[in-house]
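For the sequence shown, the tail end lands on 699 under my numbering, and the numbers increase by one without skipping. Don't be surprised by glycine CBs; every beta carbon is placed ideally from N, CA and C.
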Amino acid sequence: MGVHVQRAASYTVSKSRAILHPQTSHSIVAPPSSQDIRRSPVIQASKRKCTTEERNSDIEETSRIVKVARRSDQAMGQRASTNLTIKSRTDCVPPPLTKIRFEGPEFEMPFRVKVLLDLPPVGEDVRKKHGWNWEDRSLNIFVREEDCTVFHRHPVAQSTDCIRGLTAFKSGLHVWELKWAARQRGTHAVVGVATKNAPLHCVGYKSLIGANKESWGWDLTRNHLLHDCANSSPVTYPRVVWPESFSVPDRVRVVLDMDQGTLAFIVDDQYLGVAFTGLRGLEVHPIVSAVWGHCEIRMTYINGFQDPLTLQQLSRFAVRKSLRNKNISSKARNLPIPASLQTYIC
(Lines of atoms letter the chains of each structure in order from A and count residues from 1; the text may use other names and numbers.)
(Lines give C-alpha, C1' and ligand atoms only; values in the text may rest on other atoms or scores of the structure.)
Protein backbone atom coordinates (compact mmCIF):
# COMPACT_ATOMS: atom_id res chain seq x y z
CA MET A 1 0.00 0.00 0.00
CA GLY A 2 1.22 3.55 -0.58
CA VAL A 3 3.00 5.53 2.10
CA HIS A 4 0.07 7.93 2.32
CA VAL A 5 -2.05 5.17 3.79
CA GLN A 6 0.72 4.08 6.14
CA ARG A 7 1.14 7.59 7.51
CA ALA A 8 -2.59 8.01 8.00
CA ALA A 9 -2.78 4.65 9.76
CA SER A 10 -0.66 6.03 12.58
CA TYR A 11 -3.75 7.77 13.93
CA THR A 12 -5.49 4.46 14.63
CA VAL A 13 -2.83 2.31 16.28
CA SER A 14 -3.55 0.79 19.68
CA LYS A 15 -2.69 2.51 22.95
CA SER A 16 0.03 -0.07 23.56
CA ARG A 17 2.02 1.55 20.76
CA ALA A 18 1.85 5.05 22.24
CA ILE A 19 4.96 6.58 23.80
CA LEU A 20 5.34 9.58 26.09
CA HIS A 21 7.07 12.61 24.61
CA PRO A 22 10.04 13.58 26.82
CA GLN A 23 9.08 17.26 26.91
CA THR A 24 5.33 17.00 27.47
CA SER A 25 2.70 14.88 29.15
CA HIS A 26 1.11 14.12 25.80
CA SER A 27 1.44 10.68 24.27
CA ILE A 28 2.91 10.54 20.78
CA VAL A 29 1.83 7.67 18.57
CA ALA A 30 4.62 5.29 17.57
CA PRO A 31 5.15 4.26 13.92
CA PRO A 32 2.53 1.69 12.86
CA SER A 33 3.48 -1.94 12.37
CA SER A 34 2.38 -3.89 9.31
CA GLN A 35 -0.28 -5.56 11.47
CA ASP A 36 -1.60 -2.17 12.60
CA ILE A 37 -1.78 -1.00 9.01
CA ARG A 38 -3.69 -4.05 7.79
CA ARG A 39 -6.24 -3.70 10.60
CA SER A 40 -6.61 0.07 10.24
CA PRO A 41 -10.05 1.32 9.18
CA VAL A 42 -8.17 3.72 6.91
CA ILE A 43 -7.00 0.73 4.87
CA GLN A 44 -10.50 -0.68 4.77
CA ALA A 45 -11.85 2.65 3.59
CA SER A 46 -9.21 2.77 0.87
CA LYS A 47 -10.66 -0.37 -0.73
CA ARG A 48 -13.79 1.41 -1.85
CA LYS A 49 -14.36 2.07 -5.54
CA CYS A 50 -13.10 5.37 -6.89
CA THR A 51 -13.75 7.36 -10.04
CA THR A 52 -11.00 7.73 -12.62
CA GLU A 53 -10.48 11.37 -11.65
CA GLU A 54 -10.13 10.47 -7.97
CA ARG A 55 -7.68 7.68 -8.70
CA ASN A 56 -5.45 9.85 -10.88
CA SER A 57 -5.42 12.65 -8.31
CA ASP A 58 -4.70 10.27 -5.45
CA ILE A 59 -1.92 8.51 -7.35
CA GLU A 60 -0.14 11.80 -8.07
CA GLU A 61 -0.38 12.87 -4.42
CA THR A 62 0.83 9.48 -3.21
CA SER A 63 3.81 9.55 -5.58
CA ARG A 64 4.89 12.88 -4.15
CA ILE A 65 4.60 11.69 -0.55
CA VAL A 66 6.47 8.46 -1.33
CA LYS A 67 9.47 10.49 -2.52
CA VAL A 68 9.37 12.75 0.55
CA ALA A 69 9.08 9.77 2.91
CA ARG A 70 12.02 7.96 1.34
CA ARG A 71 14.21 11.03 1.63
CA SER A 72 13.14 11.50 5.27
CA ASP A 73 13.87 7.87 6.16
CA GLN A 74 17.31 8.00 4.57
CA ALA A 75 18.13 11.34 6.19
CA MET A 76 17.25 9.84 9.60
CA GLY A 77 19.61 6.92 9.01
CA GLN A 78 16.79 4.49 8.33
CA ARG A 79 16.48 2.08 5.45
CA ALA A 80 13.82 3.19 3.00
CA SER A 81 10.83 0.85 3.14
CA THR A 82 10.65 -1.50 0.18
CA ASN A 83 6.87 -1.54 0.15
CA LEU A 84 6.47 2.20 -0.49
CA THR A 85 5.10 1.64 -3.98
CA ILE A 86 1.92 2.19 -5.91
CA LYS A 87 0.56 -1.15 -7.03
CA SER A 88 -1.70 0.08 -9.81
CA ARG A 89 -4.02 2.87 -10.87
CA THR A 90 -6.87 1.01 -9.23
CA ASP A 91 -5.42 1.73 -5.79
CA CYS A 92 -7.30 4.36 -3.78
CA VAL A 93 -5.75 6.32 -0.92
CA PRO A 94 -7.21 8.52 1.84
CA PRO A 95 -7.45 12.32 1.49
CA PRO A 96 -4.43 14.56 2.29
CA LEU A 97 -3.48 14.58 5.96
CA THR A 98 -4.06 18.32 6.32
CA LYS A 99 -7.79 17.61 6.05
CA ILE A 100 -7.86 15.05 8.86
CA ARG A 101 -9.86 16.13 11.90
CA PHE A 102 -8.12 15.69 15.24
CA GLU A 103 -10.34 14.55 18.07
CA GLY A 104 -9.88 15.08 21.79
CA PRO A 105 -10.29 17.78 24.43
CA GLU A 106 -7.09 19.61 23.49
CA PHE A 107 -8.31 20.02 19.89
CA GLU A 108 -11.64 21.57 20.89
CA MET A 109 -11.59 25.23 19.92
CA PRO A 110 -12.06 27.44 23.03
CA PHE A 111 -15.42 29.19 23.29
CA ARG A 112 -13.86 32.66 23.34
CA VAL A 113 -12.01 31.90 20.11
CA LYS A 114 -15.22 30.71 18.46
CA VAL A 115 -16.97 33.93 19.40
CA LEU A 116 -14.06 36.09 18.21
CA LEU A 117 -13.89 34.36 14.81
CA ASP A 118 -17.63 34.88 14.41
CA LEU A 119 -17.44 38.64 15.03
CA PRO A 120 -17.65 41.09 12.10
CA PRO A 121 -14.20 41.50 10.49
CA VAL A 122 -12.10 44.54 11.37
CA GLY A 123 -11.71 47.42 8.94
CA GLU A 124 -8.77 48.11 6.64
CA ASP A 125 -7.41 50.82 8.95
CA VAL A 126 -7.18 48.32 11.84
CA ARG A 127 -5.44 45.77 9.60
CA LYS A 128 -2.80 48.32 8.63
CA LYS A 129 -2.14 49.12 12.29
CA HIS A 130 -1.38 45.42 12.74
CA GLY A 131 0.90 45.11 9.71
CA TRP A 132 4.67 44.55 9.51
CA ASN A 133 7.06 47.04 11.10
CA TRP A 134 9.40 48.65 8.59
CA GLU A 135 11.70 49.82 11.41
CA ASP A 136 11.86 46.47 13.20
CA ARG A 137 13.24 44.02 10.65
CA SER A 138 16.32 42.40 9.19
CA LEU A 139 17.94 44.52 6.46
CA ASN A 140 17.33 41.68 4.01
CA ILE A 141 13.57 42.23 4.30
CA PHE A 142 11.50 45.10 2.95
CA VAL A 143 7.85 45.98 3.55
CA ARG A 144 5.68 47.01 0.62
CA GLU A 145 5.10 50.75 0.65
CA GLU A 146 1.57 50.38 -0.70
CA ASP A 147 0.66 47.53 1.66
CA CYS A 148 2.34 47.15 5.05
CA THR A 149 0.69 43.77 5.60
CA VAL A 150 3.08 42.15 3.07
CA PHE A 151 6.87 41.82 3.24
CA HIS A 152 9.40 40.51 0.72
CA ARG A 153 12.74 38.86 1.51
CA HIS A 154 15.75 39.53 -0.70
CA PRO A 155 17.54 36.42 -2.08
CA VAL A 156 20.55 36.61 0.26
CA ALA A 157 22.46 33.33 0.70
CA GLN A 158 23.40 31.93 4.12
CA SER A 159 21.16 34.31 6.02
CA THR A 160 18.14 33.91 8.30
CA ASP A 161 15.92 36.98 8.54
CA CYS A 162 13.04 38.05 10.79
CA ILE A 163 10.52 40.86 11.05
CA ARG A 164 8.20 41.87 13.87
CA GLY A 165 4.67 43.23 13.65
CA LEU A 166 3.77 46.84 14.38
CA THR A 167 1.56 46.08 17.36
CA ALA A 168 2.65 44.57 20.67
CA PHE A 169 0.15 42.61 22.74
CA LYS A 170 0.03 42.64 26.55
CA SER A 171 -3.58 41.60 27.14
CA GLY A 172 -6.68 40.34 25.38
CA LEU A 173 -7.37 37.66 22.79
CA HIS A 174 -6.04 38.19 19.26
CA VAL A 175 -6.09 36.19 16.03
CA TRP A 176 -4.18 36.93 12.83
CA GLU A 177 -3.65 34.95 9.65
CA LEU A 178 -0.35 34.40 7.85
CA LYS A 179 -0.42 33.57 4.15
CA TRP A 180 2.86 31.88 3.29
CA ALA A 181 3.02 29.66 0.20
CA ALA A 182 4.47 26.26 1.07
CA ARG A 183 6.75 26.37 -1.97
CA GLN A 184 8.39 29.56 -0.59
CA ARG A 185 9.32 28.23 2.85
CA GLY A 186 12.59 26.44 2.25
CA THR A 187 14.41 24.58 5.01
CA HIS A 188 13.54 26.89 7.92
CA ALA A 189 10.16 28.62 8.09
CA VAL A 190 9.03 29.66 11.57
CA VAL A 191 6.05 31.71 12.77
CA GLY A 192 5.18 32.84 16.28
CA VAL A 193 5.65 35.69 18.73
CA ALA A 194 8.65 37.42 20.27
CA THR A 195 9.59 40.14 22.70
CA LYS A 196 11.39 43.31 21.64
CA ASN A 197 14.71 41.71 22.59
CA ALA A 198 14.58 38.76 20.19
CA PRO A 199 17.26 38.84 17.44
CA LEU A 200 16.17 39.50 13.86
CA HIS A 201 19.14 38.18 11.86
CA CYS A 202 21.83 35.53 11.95
CA VAL A 203 24.39 34.08 9.54
CA GLY A 204 23.48 30.73 8.02
CA TYR A 205 20.16 28.93 7.84
CA LYS A 206 18.48 28.14 11.14
CA SER A 207 15.21 28.42 13.05
CA LEU A 208 15.95 31.79 14.62
CA ILE A 209 12.58 32.11 16.36
CA GLY A 210 12.72 30.01 19.51
CA ALA A 211 16.52 30.01 19.61
CA ASN A 212 16.45 31.76 23.01
CA LYS A 213 14.01 32.71 25.77
CA GLU A 214 12.77 35.82 23.93
CA SER A 215 10.69 34.06 21.25
CA TRP A 216 8.23 31.21 20.72
CA GLY A 217 7.76 29.64 17.30
CA TRP A 218 6.32 26.83 15.20
CA ASP A 219 8.66 25.45 12.53
CA LEU A 220 6.28 24.84 9.60
CA THR A 221 8.81 22.65 7.79
CA ARG A 222 9.57 20.21 10.62
CA ASN A 223 6.36 20.64 12.65
CA HIS A 224 8.36 21.46 15.78
CA LEU A 225 7.68 23.92 18.59
CA LEU A 226 10.76 25.97 19.44
CA HIS A 227 11.58 27.97 22.57
CA ASP A 228 14.93 28.40 24.31
CA CYS A 229 16.43 25.69 22.11
CA ALA A 230 19.82 26.07 23.76
CA ASN A 231 18.37 24.49 26.90
CA SER A 232 15.43 22.41 25.63
CA SER A 233 14.54 20.04 22.81
CA PRO A 234 11.92 20.73 20.10
CA VAL A 235 8.41 19.38 20.68
CA THR A 236 6.29 17.88 17.89
CA TYR A 237 3.20 19.89 16.96
CA PRO A 238 0.41 18.94 16.43
CA ARG A 239 1.21 16.45 19.15
CA VAL A 240 -0.57 13.43 17.63
CA VAL A 241 1.38 13.14 14.39
CA TRP A 242 4.90 12.42 13.26
CA PRO A 243 6.63 15.54 11.90
CA GLU A 244 6.86 14.18 8.35
CA SER A 245 3.21 13.19 8.13
CA PHE A 246 1.51 16.58 8.47
CA SER A 247 1.70 19.16 5.70
CA VAL A 248 0.95 22.74 6.79
CA PRO A 249 -1.20 24.58 4.19
CA ASP A 250 -0.52 28.04 2.82
CA ARG A 251 -2.68 29.79 5.43
CA VAL A 252 -2.04 29.57 9.17
CA ARG A 253 -3.98 31.37 11.88
CA VAL A 254 -2.22 32.38 15.07
CA VAL A 255 -4.27 32.52 18.29
CA LEU A 256 -2.67 34.60 21.05
CA ASP A 257 -4.51 34.74 24.36
CA MET A 258 -2.57 37.06 26.64
CA ASP A 259 -5.22 36.79 29.36
CA GLN A 260 -4.52 33.05 29.60
CA GLY A 261 -0.90 33.38 28.50
CA THR A 262 -1.20 30.87 25.65
CA LEU A 263 -0.28 30.62 21.97
CA ALA A 264 -2.06 28.24 19.58
CA PHE A 265 -2.55 27.72 15.84
CA ILE A 266 -5.41 26.93 13.45
CA VAL A 267 -5.17 25.40 9.96
CA ASP A 268 -8.13 24.56 7.71
CA ASP A 269 -10.50 25.54 10.57
CA GLN A 270 -8.88 22.85 12.73
CA TYR A 271 -7.70 24.04 16.14
CA LEU A 272 -4.36 22.31 16.76
CA GLY A 273 -4.25 22.78 20.53
CA VAL A 274 -2.20 25.01 22.82
CA ALA A 275 1.38 25.25 21.63
CA PHE A 276 2.89 27.43 24.37
CA THR A 277 1.95 28.65 27.84
CA GLY A 278 3.54 31.10 30.26
CA LEU A 279 3.15 34.27 28.14
CA ARG A 280 1.02 36.10 30.69
CA GLY A 281 2.48 39.39 31.82
CA LEU A 282 4.78 39.71 28.80
CA GLU A 283 4.59 42.05 25.81
CA VAL A 284 5.03 40.21 22.51
CA HIS A 285 4.86 40.96 18.79
CA PRO A 286 3.95 38.74 15.85
CA ILE A 287 7.15 37.53 14.18
CA VAL A 288 8.25 35.46 11.20
CA SER A 289 11.64 33.90 10.36
CA ALA A 290 12.44 33.18 6.69
CA VAL A 291 15.34 31.91 4.55
CA TRP A 292 13.74 31.57 1.09
CA GLY A 293 14.76 34.21 -1.44
CA HIS A 294 11.91 36.32 -2.88
CA CYS A 295 9.36 34.84 -0.47
CA GLU A 296 6.39 37.07 0.37
CA ILE A 297 4.31 36.73 3.50
CA ARG A 298 1.03 38.48 4.19
CA MET A 299 -0.28 39.08 7.72
CA THR A 300 -4.01 39.79 8.10
CA TYR A 301 -5.31 40.75 11.51
CA ILE A 302 -8.62 38.91 11.94
CA ASN A 303 -9.96 40.33 15.18
CA GLY A 304 -9.37 40.75 18.89
CA PHE A 305 -10.84 42.11 22.07
CA GLN A 306 -9.34 43.43 25.27
CA ASP A 307 -12.34 43.24 27.57
CA PRO A 308 -14.55 40.30 28.61
CA LEU A 309 -17.20 39.31 26.09
CA THR A 310 -20.22 41.61 26.13
CA LEU A 311 -23.82 40.43 26.25
CA GLN A 312 -24.27 41.84 22.75
CA GLN A 313 -21.41 39.72 21.37
CA LEU A 314 -22.65 36.58 23.13
CA SER A 315 -26.21 37.13 21.89
CA ARG A 316 -25.03 37.57 18.29
CA PHE A 317 -22.99 34.38 18.50
CA ALA A 318 -25.96 32.43 19.95
CA VAL A 319 -28.31 33.62 17.20
CA ARG A 320 -25.84 32.84 14.41
CA LYS A 321 -25.18 29.42 15.91
CA SER A 322 -28.91 28.68 15.98
CA LEU A 323 -29.03 29.57 12.28
CA ARG A 324 -26.30 26.93 11.75
CA ASN A 325 -24.00 29.41 9.96
CA LYS A 326 -25.54 28.56 6.57
CA ASN A 327 -27.26 31.25 4.50
CA ILE A 328 -27.21 33.44 7.58
CA SER A 329 -27.88 36.65 5.66
CA SER A 330 -31.12 35.41 4.11
CA LYS A 331 -32.26 33.76 7.34
CA ALA A 332 -31.49 36.83 9.45
CA ARG A 333 -33.52 39.07 7.11
CA ASN A 334 -36.57 36.92 7.83
CA LEU A 335 -36.28 37.21 11.61
CA PRO A 336 -39.00 39.35 13.34
CA ILE A 337 -36.50 41.91 14.64
CA PRO A 338 -35.54 45.48 13.65
CA ALA A 339 -33.52 45.92 10.45
CA SER A 340 -30.51 47.25 12.39
CA LEU A 341 -30.33 44.04 14.41
CA GLN A 342 -30.71 41.96 11.25
CA THR A 343 -27.71 43.77 9.78
CA TYR A 344 -25.67 43.24 12.95
CA ILE A 345 -26.40 39.50 12.93
CA CYS A 346 -25.39 39.23 9.28
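Asked                                                                                                                                                                      : Found
Measure the C-alpha to C-alpha separation of Val607 and Val620 and round it to an integer number of angstroms.                                                             : 9 Å
Could you pull the DSSP bridge partners for Leu470 from this structure?                                                                                                    : For Leu470, which the question treats as bridged, DSSP gives no partner whatsoever.
In its own chain, which residues sit with a C-beta less than 7 Å from the C-beta of His527, not counting the 5 before and 5 after it?                                      : Leu609 and Gly657
Report all residues from its chain with a CB closer than 7 Å to the CB of Glu567; omit the five preceding and five following residues, and keep chain order.               : Ala547, Thr548, Asn550 and Ala551
Bridge partners for Phe658 per DSSP, in chain order?                                                                                                                       : Leu526
For Tyr624, which three-state DSSP category applies?                                                                                                                       : strand
Assign His647 to buried or exposed, taking buried as 16 or more other Cβ atoms, counted over all protein chains shown, within 10 Å of its Cβ.                              : exposed
Terminal residues of the continuous alpha helix (DSSP H) containing Glu477?                                                                                                : Glu477 to Lys482
For Ser668, which of helix, strand or coil comes out of DSSP?                                                                                                              : helix
Roughly how many angstroms separate the alpha carbons of Ser586 and Ala692, rounded to a whole number?                                                                     : 56 Å
Just to confirm my understanding: we take Gly614, look at its own chain, exclude 5 residues before and 5 after, and list those with CB closer than 7 Å. What are they?     : Thr630, Gly631, Leu632 and Arg633
Assuming Ala542 and Trp529 are in contact, meaning their beta carbons sit under 8 Å apart, how far apart are those beta carbons, in whole angstroms?                       : Actually they do not touch by this definition, with Cβ atoms about 17 Å apart.
Under a three-way DSSP split, which group does Pro591 fall into?                                                                                                           : coil
Skipping 5 residues on each side, what residues in its chain have a beta carbon closer than 6 Å to that of His507?                                                         : Asn493
Is Trp569 closer than 9 Å to Leu561 when the C-beta atoms are compared?                                                                                                    : no
Runs of 3 residues minimum, wholly inside the region 533 to 583: which ones carry the beta strand (DSSP E) assignment?                                                     : 543 to 547, 554 to 556, 568 to 572 and 577 to 579
Taking the straight line between their C-alpha atoms, what separation do you get for Leu616 and Ser512?                                                                    : 27 Å
Taking DSSP as the reference, what is the three-state secondary structure of Glu636?                                                                                       : coil
Would you kindly work out how many angstroms separate the C-alpha atoms of His505 and Leu688, rounded to a whole number?                                                   : 47 Å
Can you tell me the Cα-Cα spacing of Val496 and Gly518, whole angstroms?                                                                                                   : 11 Å
For a quick check, are the C-beta atoms of Asp660 and Gly476 less than 9 Å apart?                                                                                          : no
Distance check for Ile655 and Asp572, CA to CA, integer angstroms please.                                                                                                  : 22 Å
Excluding the 5 residues preceding and the 5 following Gly626 in the sequence, name in chain order all residues of the same chain whose CB lies nearer than 6 Å to its CB. : Glu459 and Phe460
If you draw a straight line from the alpha carbon of Cys501 to that of Arg480, how long is it in whole angstroms?                                                          : 9 Å
If contacts are defined as beta-carbon pairs under 8 Å, then Pro698 and Val672 qualify, I think. What distance do you get, rounded to the angstrom?                        : Sequence check: residue 698 is Ile here, not Pro. Indeed they touch by this definition, with Cβ atoms about 5 Å apart.
So, are the CB atoms of Leu553 and Ser491 less than 9 Å apart?                                                                                                             : yes
Mapping DSSP to helix, strand and coil, what is Phe618?                                                                                                                    : strand
Would Gln623 and Arg454 be called neighbours here (beta carbons separated by less than 9 Å)?                                                                               : yes
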